[in-house]
Amino acid sequence: MYDRFRGRIIFPIQDIKGRYVGFGGRIIDKGEPKYLNSPETKFFNKSNELFGLYQAKQAQATESLIVVEGYMDVISLHQFGFHNAVATLGTAVTRSHVTKLLRYTKNFFAF
Numbered sequence: 649m650y651d652r653f654r655g656r657i658i659f660p661i662q663d664i665k666g667r668y669v670g671f672g673g674r675i676i677d678k679g680e681p682k683y684l685n686s687p688e689t690k691f692f693n694k695s696n697e698l699f700g701l702y703q704a705k706q707a708q709a710t711e712s713l714i715v716v717e718g719y720m721d722v723i724s725l726h727q728f729g730f731h732n733a734v735a736t737l738g739t740a741v742t743r744s745h746v747t748k749l750l751r752y753t754k755n756f757f758a759f
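Okay, here's the thing in structure tokens:
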């Protein structure tokens with residue numbers, strides 16, 4: 649893991665039950681790729697996970713979810729009191745993402 653994520657800020661990715669299933673890393677300096685995730689395994693498939701959903705489901709009283717692209721977007725929104733934010737771990741929104749979102753709310757806003 650060290651070499652794969654060298655020079656990156658590491659974000660642990662949890663599933664809906666709070667189990668750690670993978671990691672994401674954002675490069676600190678200039679370079680590509682800007683974001684890098686753990687390789688896909690039987691436990692982690694980024695097309696099936698929403699970063700921050702475990703924390704956001706605790707905020708169900710808001711009756712809505714804010715959907716953004718990346719980890720830093722979720723963290724920034726949390727800092728400003730929006731605890732109902734989740735990220736798709738990239739630009740693609742999959743059927744699995746939408747299915748998970750609809751389990752927790754009928755109202756979600758994508759940015």
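Residue numbers for the sequence shown follow this note's numbering, beginning at 649 and rising by one.
Every residue, glycine too, gets a C-beta built ideally from N, C-alpha and C.
Just checking my contact of residue i with residue j at CB under 8 Å: how many whole Å lie between their CB atoms?
i	j	result
HIS745	THR739	12 Å between Cβ atoms; not a contact.
PHE757	ILE714	5 Å
LYS665	LEU701	In fact, because the Cβ distance is near 10 Å, the residues do not count as touching under 8 Å.
First and last residue of the alpha helix (DSSP H) that includes residue i?
i	result
ILE723	719 to 727
ARG674	Premise fails: ARG674 lies in the beta strand (DSSP E), 668 to 675, not in any alpha helix (DSSP H).
Taking the continuous beta strand (DSSP E) assigned at residue i, which residues delimit it?
i	result
GLN703	Unbroken run through GLN703 is the alpha helix (DSSP H), 701 to 704; no beta strand (DSSP E).
ILE713	In the sequence on display, residue 713 carries Leu and not Ile. Per DSSP, LEU713 belongs to the beta strand (DSSP E) from 713 to 716.
PHE757	756 to 758
ALA733	733 to 735
If you compare alpha carbons, which of the options is closest to residue i?
i	options	result
TYR752	PRO687, PHE691 and VAL734	VAL734
LEU750	LEU698, PHE728, GLN727 and GLY729	LEU698
HIS731	PHE659, GLU711 and PHE653	GLU711
PRO681	THR689, GLY672 and TYR668	GLY672
GLU717	GLN706, LYS678 and SER695	SER695
ASP725	GLN703, ASP663, THR742 and VAL741	The sequence given here places Leu at residue 725; Asp does not occur at that position. Answer by Cα proximity: GLN703.
ILE661	GLY679, ARG654 and MET720	MET720
Using three-state DSSP, classify residue i as helix, strand or coil.
i	result
ARG654	coil
LEU684	strand
VAL746	helix
Are there any heavy atoms of the ligand PLP lying less than 6 Å away from the beta-carbon of residue i, as far as the coordinates show?
i	result
ARG743	As presented, the structure is devoid of all ligands, the ligand PLP included, so that no description of it is given.
Contact criterion: CB-CB distance below 7 Å. Does residue i meet it with respect to chain C?
i	result
ARG674	No chain C is present in this structure, which holds just one protein chain.
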